[in-house]
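> After the structure tokens below, expect a handful of questions from me.
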Amino acid sequence: MATVRKFMFENDFDAVAGAAAGSASARPDAPAEAAAKSSAKPSAKEAAQAAPPEPVEPPPPPEPTFSEAELKAAAAKARAEGQRSGEAKGRAAAAAEAEQRSAAALESIAGQIAALQAGLAHDRAAILADASALALAILRKMLPEFSRRGGIAEIEAALEQCLRDQRHEARLVARVAPDLVPLLEPGLTALSAKTAFEGRLFLIPDDRLGPADCAIEWADGGLERHADALWGEIAAALDRCLSLQGVAPSPPPEAAAAPASRTDEVEPAGNLAAASDAEAMRSE
């Protein structure tokens with residue numbers, strides 16, 4: 001029985017080739033045999049023996065190994081990084097929520113401020129209107145008394161101004177309340193001298209005039225001072241003040257509150273002269 005022996009690649013083919021070359025040179029027909037052998041196709045065994053060996057793959061690297069301390073350090077590092085990341089995300093979320101709350105609060109505050117401004121404007125207008133109404137009510141009570149106490153002084157001031165401006169007129173007629181005629185007559189002479197009035201001044205009682213009213217007339221004009229006209233000017237001034245503040249004007253004063261005064265127009269020059277002559281005759 002034949003013994004199978006494992007091929008161990010111990011053959012030296014270079015030595016075999018050298019020996020063959022030596023034997024060929026010893027024989028005269030060696031070149032021809034060598035050429036024939038070189039041209040002959042090598043066998044499969046020879047081709048397998050002549051082929052270079054296949055490269056052997058290196059073994060895989062060993063699995064990395066870590067100590068327990070390294071594992072604990074890596075775990076602590078991972079926990080710290082996770083904590084930092086969570087804190088950053090929490091701060092970002094808290095900042096976004098705070099910003100949203102601030103925006104909502106500012107919007108609410110802006111609306112409340114607008115409402116407060118509207119309420120303040122309304123309250124201010126109401127206060128101004130109430131103050132105007134109170135001032136008018138006080139004037140309704142006080143103006144008649146002021147007219148009674150200071151009416152003569154106001155009439156004398158109006159007479160003095162007219163006598164000064166119309167000192168070249170031949171005649172002036174002053175209509176006043178009947179109760180004021182005896183109080184004003186004693187001072188007419190001194191008033192005429194003070195203003196250098198060259199004409200004659202007559203006082204005519206008129207029961208349609210109030211204690212501070214007077215109507216001074218001359219040939220081509222006249223002047224009137226009435227408490228109701230003053231009352232209208234006062235009310236108009238208050239209305240203008242309120243209108244500038246954006247407040248509705250106050251209602252017109254009641255007719256009963258205003259002092260009684262004369263409302264007729266200045267009489268024509270003919271009637272004025274007749275009335276003046278009649279009064280002058282009565283005084284003489």
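Taking full-length UniProt numbering, I'd label the letters of the sequence shown as residues 1 to 284. Each residue gets a CB set at the ideal place from its N, CA and C atoms; glycine is no exception.
(1) Would the beta-carbon of L159 fall within 9 Å of that of I113?
(2) Does G119 come out as helix, strand or coil in the three-state DSSP assignment?
(3) Sort out for me which residues DSSP pairs F202 with in a bridge.
(4) Does G221 come out as helix, strand or coil in the three-state DSSP assignment?
(5) How close, in whole Å, do the beta carbons of A237 and L143 come, if the pair is a contact with beta carbons under 8 Å?
(6) Just mark L201 as buried or exposed, buried being the case when its beta carbon has 16 or more other beta carbons within 10 Å.
(7) Along the chain, where does the alpha helix (DSSP H) that runs through L230 open and close?
(8) Could you tell me if E233 is buried or exposed, where buried requires 16 or more neighbouring beta carbons within 10 angstroms of its beta carbon?
(9) Let me confirm a value: P62 is counted as buried when at least 16 other C-beta atoms fall within 10 Å, else exposed. Which label applies?
(10) Have a look at the DSSP bridge pairing and note the partners of K215.
(11) Taking all protein chains shown into account, do 16 or more other C-beta atoms lie within 10 angstroms of the C-beta of Q166, making it buried, or fewer, making it exposed?
(12) What residues in its chain sit with their C-beta under 6 Å from that of P205, if we drop five residues either side in the sequence?
(13) When we look at the beta-carbon of G119 and count the other beta-carbons within 10 Å, is it buried (16 or more) or exposed?
(14) Would DSSP call V181 helix, strand or coil?
On the basis of the coordinates in this document:
(1) By one-based count along the sequence shown, residue 159 stands at place 159. By one-based count along the sequence shown, residue 113 stands at place 113. No, Cβ-Cβ distance for L159 and I113 is not below 9 Å.
(2) Translated into the one-based positions of the sequence shown, residue 119 becomes position 119. Note: G119 maps to helix in three-state DSSP.
(3) Counting from one through the sequence shown, the residue named residue 202 turns up at place 202. DSSP lists V173 as partners of F202.
(4) Counted from its first residue, the sequence shown places residue 221 at position 221. DSSP places G221 in strand when its eight states are reduced to three.
(5) What you label residue 237 is simply residue 237 of the sequence shown in a count that begins at 1. What you label residue 143 is simply residue 143 of the sequence shown in a count that begins at 1. That belief does not hold up - the Cβ atoms of A237 and L143 are roughly 14 Å apart, past 8 Å.
(6) Residue numbering aside, residue 201 sits at position 201 when the sequence shown is read from its first letter. Buried.
(7) Here the question's residue 230 lines up with position 230 in the sequence shown. A227 to L244 is the span of the alpha helix (DSSP H), which, as asked, contains L230.
(8) Here residue 233 is taken as the residue at index 233 of the sequence shown, counted from 1. Per the 10 Å Cβ criterion, exposed.
(9) On the sequence shown, residue 62 is found 62 positions in, with the first residue counted as 1. Classification of P62: exposed, given that the 10 Å Cβ count is below 16.
(10) Here residue 215 refers to the residue found at position 215 of the sequence shown. The residue asked about is misnamed: residue 215 is Ala in this sequence, not Lys. A215 pairs with R175 and E224.
(11) Here residue 166 corresponds to residue number 166 of the sequence shown, with the count starting at 1. It counts as buried.
(12) The sequence position of residue 205 within the sequence shown is 205, counting from 1. So the qualifying residues of the chain are P178 and V181.
(13) What you label residue 119 is simply residue 119 of the sequence shown in a count that begins at 1. Exposed, by the Cβ-count rule.
(14) If you number the sequence shown from 1, residue 181 lands on position 181. Correct three-state label for V181: helix.
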